[in-house]
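Encoded as structure tokens, the structure appears first; notes follow it.
Chains as they are written, first to last, in our numbering: chain A, 3 to 164; chain B, 111 to 882.
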């Protein structure tokens with residue numbers, strides 16, 4: 003019988019730190035490694051197949067569903083999770099203040115998606131916001147306050163820049 | 111003269127304001143612990159073996175090959191349940207583990223506990239179960255046939271309930287009837303079922319951190335199955351990722367506690383998405399026939415209806431869901447004569463129970479489609495037929511109960527009729543996102559037809575039929591800080607936001623802390639039935655009022671005056687006879703108070719055989735208008751806008767109310783257009799978010815909401831529950847709008863009578879026309 007505890011280990015760069023990942027199954031997803039091996043539970047699992055966006059993280063600056071990324075394939079990449087945003091960013095604050103959070107399970111994924119959107123496109127119109135966030139399911143809010151939060155950030159950044 | 115009443119806005123974070131959620135920052139930073147984020151040292155993982163058969167006798171279970179796998183600690187089956195072998199919310203008819211018979215695909219048979227998830231999965235595969243497959247009862251209409259063999263010792267009929275009143279021979283000038291179907295909807299909360307059980311060191315008890323809607327109900331059921339006194343079981347609310355009714359029944363609670371007690375180690379269980387579809391109850395699929403009689407002017411004369419609810423294999427709350435359906439068959443309209451029959455039956459399908467709207471969703475879809483048919487038959491506008499029949503406060507329901515709640519149905523209709531229509535800017539090739547097929551280049555702008563539709567509903571609030579419905583809250587004041595303790599499940603709705611608002615406004619103290627939500631205080635009842643603002647809000651207010659009285663008495667004794675001279679204005683204590691003011695924070699220095707209160711709503715009674723009786727506590731009303739663009743050839747629909755006028759009594763936190771309205775409408779839109787669990791021979795064909803679709807941000811239109819704030823005299827602080835109404839009549843409004851587009855395109859079109867709508871329901875009309 004194969005020993006399923008074959009010693010496997012590798013390094014990941016997560017939120018700017020090199021992290022040792024040990025004692026993993028070869029097929030573990032980045033989401034599983036982040037949550038169960040590295041104790042970073044900000045990324046959430048709600049569908050395990052890339053449909054809900056709750057596990058969204060940035061991989062070399064690109065928004066990905068971490069449940070679809072093989073952890074062992076990310077050793078040369080930089081991973082940023084919601085914990086790595088530093089806290090109290092304008093996006094996070096707007097989500098809190100605009101009522102974009104109810105149960106909050108989708109929130110970390112949406113924060114990552116919205117943060118990434120505004121990096122790529124600083125002043126997206128409403129239909130672009132909707133299209134960009136369409137990979138992140140929310141079951142509580144009906145999305146109205148989420149659109150509002152993103153628009154609030156756009157307005158604030160616009161004022162700050164002027 | 112100054113106003114000595116409580117000026118609520120003068121307390122920062124008081125009632126009527128929208129302070130931010132206390133857990134908002136943690137949630138935005140990923141630091142909030144959901145039940146699935148919990149872990150403990152030395153923790154093991156548990157997993158459930160489920161039935162692959164709809165109906166079968168279990169001949170044997172051989173766990174030996176699974177136990178032989180390295181890393182597997184224990185496997186438990188029905189024989190390892192020390193206490194009560196079954197559980198259930200209303201009747202205890204559902205086995206913790208199937209012992210001799212399985213009654214649906216997905217029924218738990220055994221649970222494994224192992225070092226990790228992967229070993230659990232291997233062990234589950236290694237358990238050998240042999241079955242004798244039995245004929246399955248899959249059709250609810252067969253279940254009610256007395257010749258059909260019983261699939262459960264309690265029989266196939268869970269409940270029959272009729273509502274009969276008035277002149278059954280009454281006949282209208284205009285009669286419309288049809289058959290309606292509602293598919294099985296899933297709550298699809300994002301935070302999957304999860305719990306962490308930690309055994310006491312001496313093995314005599316267990317602490318379970320779980321995402322649930324009702325800690326004390328879980329406690330009673332779990333302790334009975336574990337054969338432990340309730341004092342030996344402590345339930346703590348793990349962070350809850352949405353609920354919507356799907357966490358009212360037990361799922362993994364007993365299993366995880368048994369595994370923890372069996373191994374003496376912390377055990378965590380968490381479901382995958384596909385397992386979650388099997389692991390909780392769903393919205394009942396229903397078949398409904400309705401016949402409406404009216405005068406030629408469109409005034410309702412009589413309603414006839416028959417409801418068949420498929421409860422699935424176990425009872426859950428089916429009997430209460432049925433009562434809600436039959437007692438809401440009339441909708442928010444006056445009608446004196448009714449002949450309504452209802453039955454909820456058992457089948458070998460997935461068990462069904464609570465989901466937002468609880469029986470009223472099904473009834474409302476049918477009565478609103480009927481009102482549109484009636485409007486057409488009488489040559490009236492859809493709003494006009496509703497206006498002519500609108501219920502008011504003091505009207506008598508078909509149950510004989512008088513509506514004592516504020517019933518602003520006419521105001522709702524007027525509000526909807528005043529709402530401006532969205533511009534028709536979209537639906538061109540320059541704005542591809544505005545087309546029903548999205549940017550996928552599927553819809554030709556020429557095929558797009560706009561439609562407008564309406565839906566109205568009435569919804570009971572709180573529990574019905576003599577249920578002893580109460581909530582408990584404790585208010586402590588020490589060092590000027592208020593601490594609130596309650597067992598109210600925060601599932602995302604925001605009770606933890608309004609509870610401190612209530613305390614601030616009642617006591618004039620701004621600093622409020624919340625204690626842990628667990629079973630170390632009396633029950634709060636369930637976070638369901640739109641009841642927590644009323645019930646737990648009522649309990650928090652009552653506890654704070656009691657503390658306030660003690661403060662008044664203390665100060666009155668010191669000052670030698672009557673306590674009745676005092677009132678609180680904002681953050682100040684005011685002596686109304688002298689006008690003297692002192693900050694409350696100063697008044698309570700050195701004082702300590704600790705008051706616990708059980709709040710009950712007024713009593714209700716069970717329905718009699720004819721469905722008569724004051725069975726409900728209170729009612730809320732709402733109306734919806736949907737504007738849709740329909741690709742009339744392909745049957746694709748884009749909802750352009752949803753408007754709503756909702757009776758809320760009083761918005762204690764306007765932002766939270768908006769959140770409930772928008773979120774509830776999204777679930778109603780989902781039922782209208784996309785959400786259905788498809789079962790074939792009892793097997794779910796779409797147990798994933800790839801195939802069970804819920805609305806995305808691209809599916810949800812802007813929501814225009816107007817609140818009617820007439821404080822309800824019976825409600826604490828005047829506030830009605832707001833959670834369920836948005837979901838209920840949004841569904842028929844969307845369907846009515848699609849019908850309107852089809853009628854516009856073709857002059858007339860077949861009556862839409864099933865949700866969720868399928869594109870073929872629209873497209874086959876085209877094909878029929880082409881065949882003409």
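Note that CB positions come from ideal geometry on N, CA and C, so glycine has one too. As the structure is a computational prediction, the values presented were derived from the model and not from experiment.
Should residue i go down as buried or exposed, given a rule of 16 or more other Cβ atoms within 10 Å for buried?
i             : result
residue 800/B : exposed
residue 648/B : buried
residue 312/B : exposed
residue 277/B : exposed
residue 72/A  : exposed
residue 180/B : exposed
residue 174/B : exposed
residue 118/A : buried
residue 595/B : buried
residue 158/A : exposed
residue 161/A : exposed
residue 243/B : exposed
residue 674/B : exposed
residue 113/B : Low per-residue confidence applies at residue 113/B: pLDDT is 42, beneath 50, and the placement is therefore not dependable, though the value from the model is reported in the following sentence. Exposed, since its Cβ has fewer than 16 Cβ neighbours within 10 Å.
residue 478/B : buried
residue 699/B : exposed
residue 609/B : buried
Could you name the residues of chain A that residue i contacts, counting a contact when the two beta carbons are closer than 7 Å?
i             : result
residue 352/B : 105, 107, 141 and 142
residue 611/B : In chain order: nothing, as chain A lies at least about 14 Å away.
Of the residues the options, which one's Cα is nearest the Cα of residue i?
i             : options                       : result
residue 841/B : 657/B, 567/B, 431/B and 818/B : 567/B
residue 503/B : 463/B, 421/B, 836/B and 822/B : 822/B
residue 91/A  : 41/A, 29/A and 151/A          : 151/A
residue 51/A  : 62/A, 82/A and 67/A           : 67/A
residue 514/B : 731/B, 610/B and 773/B        : 731/B
residue 24/A  : 17/A, 36/A and 49/A           : 36/A
residue 794/B : 459/B, 852/B, 716/B and 622/B : 459/B
residue 185/B : 694/B, 163/B and 369/B        : 369/B
residue 128/B : 828/B, 606/B and 644/B        : 606/B
residue 99/A  : 148/A, 17/A and 19/A          : 148/A
residue 89/A  : 255/B, 200/B and 136/B        : 136/B
residue 131/B : 618/B, 364/B, 769/B and 861/B : 769/B
residue 578/B : 402/B, 708/B, 452/B and 309/B : 708/B
residue 466/B : 441/B, 431/B, 586/B and 489/B : 431/B
For residue i, return the contacting residues in chain A, with the cut-off set at a CB-CB distance below 8 Å.
i             : result
residue 302/B : 47 and 48
residue 775/B : 144
residue 543/B : 129, 132 and 133
CB-CB under 8 Å to residue i, same chain, minus the five flanking residues each way: which ones, in chain order?
i             : result
residue 275/B : 446, 447, 448, 508, 509, 510, 720, 721 and 722
residue 669/B : 685
residue 558/B : 537, 545, 546, 739, 740, 741 and 742
residue 409/B : 498 and 499
residue 116/B : Note that residue 116/B scores 41 on pLDDT, short of 50, meaning its location in the model is unreliable; the coordinates nonetheless yield the value given after this. Once the five neighbours on either side are set aside, the close Cβ partners of residue 116/B are 615, 677, 678, 679 and 680.
Give me the Cβ distance between residue i and residue j, rounded to the nearest whole Å; I'm assuming they're in contact under 8 Å.
i             : j             : result
residue 759/B : residue 819/B : 7 Å
residue 322/B : residue 302/B : So it is not a contact: roughly 13 Å between Cβ atoms.
residue 230/B : residue 222/B : 5 Å
residue 525/B : residue 462/B : Incorrect: roughly 34 Å between the Cβ atoms, too far for contact.
residue 782/B : residue 866/B : 6 Å
residue 389/B : residue 147/B : Not a contact, Cβ separation roughly 19 Å.
residue 697/B : residue 661/B : 6 Å
residue 706/B : residue 528/B : Actually they are not in contact, since the Cβ atoms of residue 706/B and residue 528/B sit about 47 Å apart, beyond 8 Å.
Could you name the residues of chain B that residue i contacts, counting a contact when the two beta carbons are closer than 8 Å?
i            : result
residue 40/A : Per Cβ cutoff of 8 Å: no residues; residue 40/A is ~12 Å from chain B at best.
Counting only the same chain and skipping the five closest in sequence on each side, list residues whose C-beta sits under 7 Å from that of residue i.
i             : result
residue 326/B : 597, 629 and 633
residue 98/B  : Residue 98/B is absent from the structure shown; chain B starts at 111 and stops at 882.
If the cut is a Cβ gap below 7 Å, which residues of chain B does residue i touch?
i            : result
residue 54/A : 300 and 799
Name, please, each residue of chain A whose Cβ falls closer than 9 Å to the Cβ of residue i.
i             : result
residue 762/B : In chain order: nothing, as chain A lies at least about 14 Å away.
residue 135/B : 89, 90, 94, 95 and 98
residue 748/B : Correct list: empty, because the minimum Cβ distance to chain A is about 12 Å.
Quick one: list the residues of chain B neighbouring residue i, beta-carbon separation under 9 Å, in chain order.
i             : result
residue 135/A : 806, 807 and 808
residue 83/A  : 140
For residue i, I'd like the list of residues in its chain whose CB is within less than 6 Å of its CB, leaving aside the five on either flank, ordered along the chain.
i             : result
residue 876/B : 743
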